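Using my numbering, the first residue of the sequence shown is number 1105, and each one after it goes up by one. Each residue gets a CB set at the ideal place from its N, CA and C atoms; glycine is no exception. For clarity, every value in this text was computed on a predicted model and none was experimentally measured. Here the structure is laid out as structure tokens; the discussion comes afterwards.
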Amino acid sequence: MVGFPPIVNFNKSFDNNELIMWIDLSTYCNAKCPQCHRTNPNGLEKIDWLPLKQWSLEDFKKAFPKQILNKIHRFDFCGTWGDPILNKDILKIVEYIVDNSFLPWVQINTNGSVRNEEWWWELGKVGDSRLIVVFDIDGVTQEQHSLYRQNTNLEKILNNMESFSNTKAKATAFSVIFEHNRKSMYDIALLSKRRGATGITFIESDRFFKLDDPPGTGEKGYIPTKDFIFVDRSGQKQKLQPSKFKATGKSEKGSHRQANDFFWVWWDLSNDEHLEKIRHASN
Ligand SMILES: C[S@@+](CC[C@H](N)C(=O)[O-])C[C@H]1O[C@@H](n2cnc3c(N)ncnc32)[C@H](O)[C@@H]1O
Ligand code: SF4
């Protein structure tokens, strides 16, 4: 995955067609990932104060009229508060961008556990070679995957990814690593490759911190927590533990991202050397 270059000068970036648009297309989600900002860890429902909202195709056209589309380098439909595939107009929005421009490409991050294989194939046809979908694959068994990706179905995700990958659009995998799946990274990579992913990115969960009080004003910034306890939908207490992977680099101070040479790297699953690095890191 490509990072976000800092916007030094908006007008210059606009003129040079370098803008990357990060857009929350929806606050809806089928999944109940315990550490997600939209999830209440006590019962895994949506946090109370978050309204359910989504962009319509008309909203999108208004914000990005045809004549502006080629000014954008990439549309990043990931967001923070929901899943873009839950947006009822997502297929039409991708179609609108691709049919009315030649430059921007589109990236969608998703848990991949909604809609059926036909729909995913259709999305791939519409997005063609300018669409990348990043599917969350956090385990090799349903149990392992859904300890974090609660309320999703691994087999359905893999079927959807495989169907999507049979088009010219590109599928890639994204795996959030905890202690319970860190030794499975190689197997997750092989499974993802077998089911159509061209690459994979691993990150360690960065949500084992709580803000000091009052938020953002203290010296310490984020205070690390040892583990993360949540209550699932059946009222059972469950625990997530941070990965004990030994990072080779240092975390940037105050940053969520781990600056080392393994995480946040896009590994090419057709490259044997890359697979070997993942195998090594999984030991
Ligand atoms: C809120 S999600 C929105 C997109 C989509 N629903 C998804 O989950 O891929 C934004 C990003 O946060 C990532 N994410 C979720 N839980 C995380 C965690 N505990 N630590 C780090 N990243 C996490 C997701 O995998 C995704 O890449
Ligand atoms: S799939 Fe994405 S938006 Fe949905 S709960 Fe999980 S992290 Fe949050």
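Nearest neighbour of Thr-1184 by Cα position, chosen from Ala-1385, Leu-1129, Asp-1119, turns out to be Leu-1129. Under the three-pair Cβ rule at 8 angstroms, the segment 1266-1286 counts as touching the segment 1342-1349.
Per DSSP, the beta-bridge partners of Trp-1209 are Arg-1178.
A residue is called buried once 16 or more other Cβ atoms fall within 10 Å of its Cβ, and His-1249 is buried on that count.
Spanning the alpha carbons of Lys-1260 and Cys-1140 requires a straight line of approximately 21 angstroms. Taken atom to atom, the span from the alpha-carbon of Phe-1239 to that of Ala-1301 is near 9 angstroms.
The Cβ-Cβ distance between Ile-1236 and Phe-1181 does not fall below 8 angstroms. In the DSSP secondary-structure assignment, Trp-1223 is not bridged to any residue. Taking all protein chains in view, the Cβ of Thr-1329 is surrounded by fewer than 16 other Cβ atoms within 10 Å, so the residue is classified as exposed. A Cβ-Cβ distance of about 5 angstroms is found for the pair Phe-1179 and Val-1210, placing them in contact under the 8 angstroms criterion. Take the alpha-carbon of Asp-1232 and the one of Asn-1144: they are about 37 angstroms apart.
With the rule of 3 Cβ pairs closer than 8 angstroms, the segment 1186-1193 counts as touching the segment 1211-1225.
Ala-1135 and Arg-1298 have their C-alpha atoms spaced approximately 24 angstroms apart.
By the criterion of a C-beta distance shorter than 7 angstroms, Lys-1192 is surrounded in its chain by Gln-1158, once the five residues flanking it on both sides are discounted.
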